[in-house]
Structures are given as structure tokens and as C-alpha cells.
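> Supplied in C-alpha cells, the structure appears directly below.
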Amino acid sequence: MKKKIISLMLLFFAVGAWAQNDSINISGRVTDYEGNPLDSVSIFLQRSDFSDACPPILTDKNGYYKNRIPKGKYQSMSALNMAAYSVTGSTWAEKDQRLEFWAWDFIANRDTVLNIQYHRMEAYGLRVFRIPGATPSYVIYVRPMSLTRYQKWLKNKTPEVLLAPSPENLDVKVTIDGEEVAILMKQEIKEYFDPGEYGNAYLLTVDLPKKKTKNSYSVFKVVLKDLENGDKGEGLYYLEKEKYY
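13 is the number that numbering that gives the first Met the number 0 gives to position 14 of the sequence shown; each next residue is one higher, with no gaps.
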């Protein structure tokens with residue numbers, strides 16, 4: 000009997016150790032751009048079809064969240080307060096509504112602290128790539144989505160859904176692993192949502208960072224502001240380092 004109890008205890012500790020090695024801690028705080036905590040914000044981790052890869056994490060009254068999640072790569076990580084989310088028909092006053100935060104191609108391979116700020120601008124669909132033979136740089140695709148512009152569009156729907164500000168009214172800041180890089184070119188482009196509806200998005204060409212990291216991936220942070228109406232937001236993109244032979 001004693002040997003069975005010892006065997007069960009060893010099995011319990013082995014399973015616990017395996018679970019610890021196969022998961023990571025994720026934590027942080029969600030605030031607005033004045034530093035005020037945002038409670039009841041759901042943190043989602045999503046597969047490629049936007050289904051939940053694990054149960055959502057909810058922020059507390061001080062904006063903090065923490066949980067263990069399976070190690071791996073996720074199509075996206077998003078954060079939003081469902082009650083304040085305009086797209087699903089929020090009953091909040093228009094000025095208090097928000098969109099959401101996105102981190103794309105999120106890599107969960109180690110314990111991560113991720114503090115999130117978001118308001119009324121969404122950095123949707125972030126992609127980062129390099130063009131062989133071109134000036135050494137990164138090209139970033141992003142669709143800036145202003146909630147103020149969306150609310151105006153809802154009152155007079157047209158096939159042209161211009162939710163991003165014009166180039167002269169779009170302020171952009173890009174950091175790579177915490178280092179701000181120069182924006183070499185900002186190009187407004189047209190994105191088709193379906194054959195009968197389109198909007199505007201951007202290609203940003205940015206300089207390479209001067210500092211090199213030993214990490215297997217780089218984190219790109221894009222901060223956007225609509226200079227016409229003040230809507231602001233940010234997004235992240237996790238880019239695995241390229242290997243060429």
C-alpha cells in the first residue's frame with residue numbers, strides 16, 4: 000500500500016512538472032492612454048479561424064490580468080471590453096465606446112508580461128515582411144480603424160469605408176524590440192473587404208533597428224493616432240527571425 004501511495008505521488012508530481020513545462024505565465028495590465036485601469040476587459044488567444052484557443056482571461060478592477068496558457072504560436076491575441084465594443088451594438092454613450100487591441104502571430108514560448116493600452120483606434124491585420132533586393136528595411140501592412148470615423152460611416156453607409164485617416168492626418172510611431180525606428184515611407188492603399196466594399200489601409204516602410212537581440216523573434220509595436228479626431232491605438236506583431244542558407 001505504501002509503495003502505491005509513493006508511486007501515485009511521483010506520478011502527480013511528474014504530471015505537474017510536465018504541465019509547467021508545457022505552459023507559460025502571461026500577465027500584465029490594461030489601461031487607457033491616461034493610465035486609468037480598464038476592468039472587465041477580456042483577453043483572448045485565437046486560432047487561425049478566430050476561435051478561442053483557451054478560455055478568455057478577464058482583467059480585475061485595477062486592470063490586471065494573469066493566467067497560465069499553453070505554449071505555442073497563436074494567430075492573434077486580442078483585448079476588448081464586450082460592453083464597450085461598438086461593433087456588437089454597445090449601449091454605452093458613443094464617446095465611451097472603444098474598439099480593441101490586437102497582437103498578431105503571438106508567440107508564447109516563455110513567461111510574458113504584456114501591458115496593453117487601447118482606446119478608439121484599432122491596428123488591424125498587422126503583417127511585417129522584407130523584400131529581397133530592396134533597401135534594407137521592413138514593410139508593415141496595417142489597417143488603422145478609427146471608431147469616430149466608423150460611427151460616422153454607420154449613419155450614411157457607402158461602399159467606400161474609409162475608417163483610416165488620410166496620410167497627413169495619420170501619426171505613426173514604430174518600435175522594434177523597444178527601439179524606435181525611422182519611418183521611410185507611408186503609403187495609403189485600397190483594401191477590398193468583398194467585391195462591393197472597400198476601405199483604406201497603409202504600407203509603412205521602416206528602417207532596421209540598430210540593436211540586435213538574441214531572441215528567436217522580434218516584437219513590432221505600431222502606435223497610431225488620428226490627428227483629426229484624436230482617436231489612438233496600438234498593435235503588436237511577432238516576427239520570427241529569418242534564416243537564409
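Quick reminder that beta carbons are idealized off the backbone N, C-alpha and C, glycines included.
Which residues does DSSP pair with residue 66 in a beta bridge?
25
> Could you give the DSSP three-state label for residue 246: helix, strand or coil?
Beyond the ends of the chain as shown, which are 0 and 244, falls residue 246; an answer cannot be given.
> From 34, 23, 60, 75, pick the residue whose C-alpha is nearest to that of residue 47; which is it?
75
> How far does the beta strand (DSSP E) with residue 217 in it reach, from first residue to last?
216 to 225
> Reducing DSSP to helix, strand and coil, say where residue 229 ends up.
Note: residue 229 maps to coil in three-state DSSP.
> Given a threshold of 16 other Cβ atoms within 10 Å of its Cβ, counted over all protein chains shown, does residue 235 qualify as buried or as exposed?
Residue 235 comes out buried.
> On the DSSP letters alone, give me the boundaries of the beta strand (DSSP E) that residue 96 sits inside.
Per DSSP, residue 96 belongs to no beta strand (DSSP E) and is neither H nor E.
> Return the CA-CA distance between residue 132 and residue 204, expressed in angstroms with no decimal places.
14 Å
> By DSSP's criteria, residue 168 is part of a beta bridge. Which residues make up the other side?
DSSP output for residue 168 lists no bridge partner at all.
> Among all the DSSP beta bridges, which residues are the ones paired with residue 42?
56, 78
> Residues in its own chain within less than 7 Å of residue 66 by CB, not counting five upstream and five downstream?
25, 56
> According to DSSP, is residue 199 helix, strand or coil?
strand
> Would you call the stretch 156 to 163 and the stretch 133 to 146 touching, i.e. three or more CB-CB distances under 8 Å?
yes
> Rounded to the nearest angstrom, what separates residue 166 and residue 158 at their Cα positions?
21 Å
> How do the stretch 21 to 39 and the stretch 112 to 120 stand: do at least 3 beta-carbon pairs fall below 8 Å, yes or no?
Three or more beta-carbon pairs separated by less than 8 Å link the stretch 21 to 39 to the stretch 112 to 120, which places the two stretches in contact.
> To the nearest angstrom, how far is it from the Cα of residue 84 to the Cα of residue 179?
Taking the straight line from one Cα to the other gives about 30 Å.
> Helix, strand or coil for residue 9, going by three-state DSSP, please let me know.
Confidence at residue 9 is low in this model, with a pLDDT of 42, below 50, so the placement of that residue is unreliable and no value is reported for it.
> Can you tell me which residues form a DSSP beta bridge with residue 238?
217
> Please identify the residue among 70, 183, 40, 21 whose C-alpha is closest to the C-alpha of residue 208.
Cα-wise, what sits closest to residue 208 is 183.
> Name the two residues that bound the continuous beta strand (DSSP E) containing residue 33.
Unbroken run through residue 33: none, as it is neither H nor E.
> Can you have a look at residue 18 and say buried or exposed, based on whether 16 or more other CB atoms are within 10 angstroms of its CB?
Because residue 18 sits at a pLDDT of 48, beneath the cut-off of 50, its placement in the model cannot be relied upon, and the point is left open.
> Only counting the same chain, and skipping five residues up and downstream in sequence, which positions put a Cβ closer than 6 Å to that of residue 227?
164, 168
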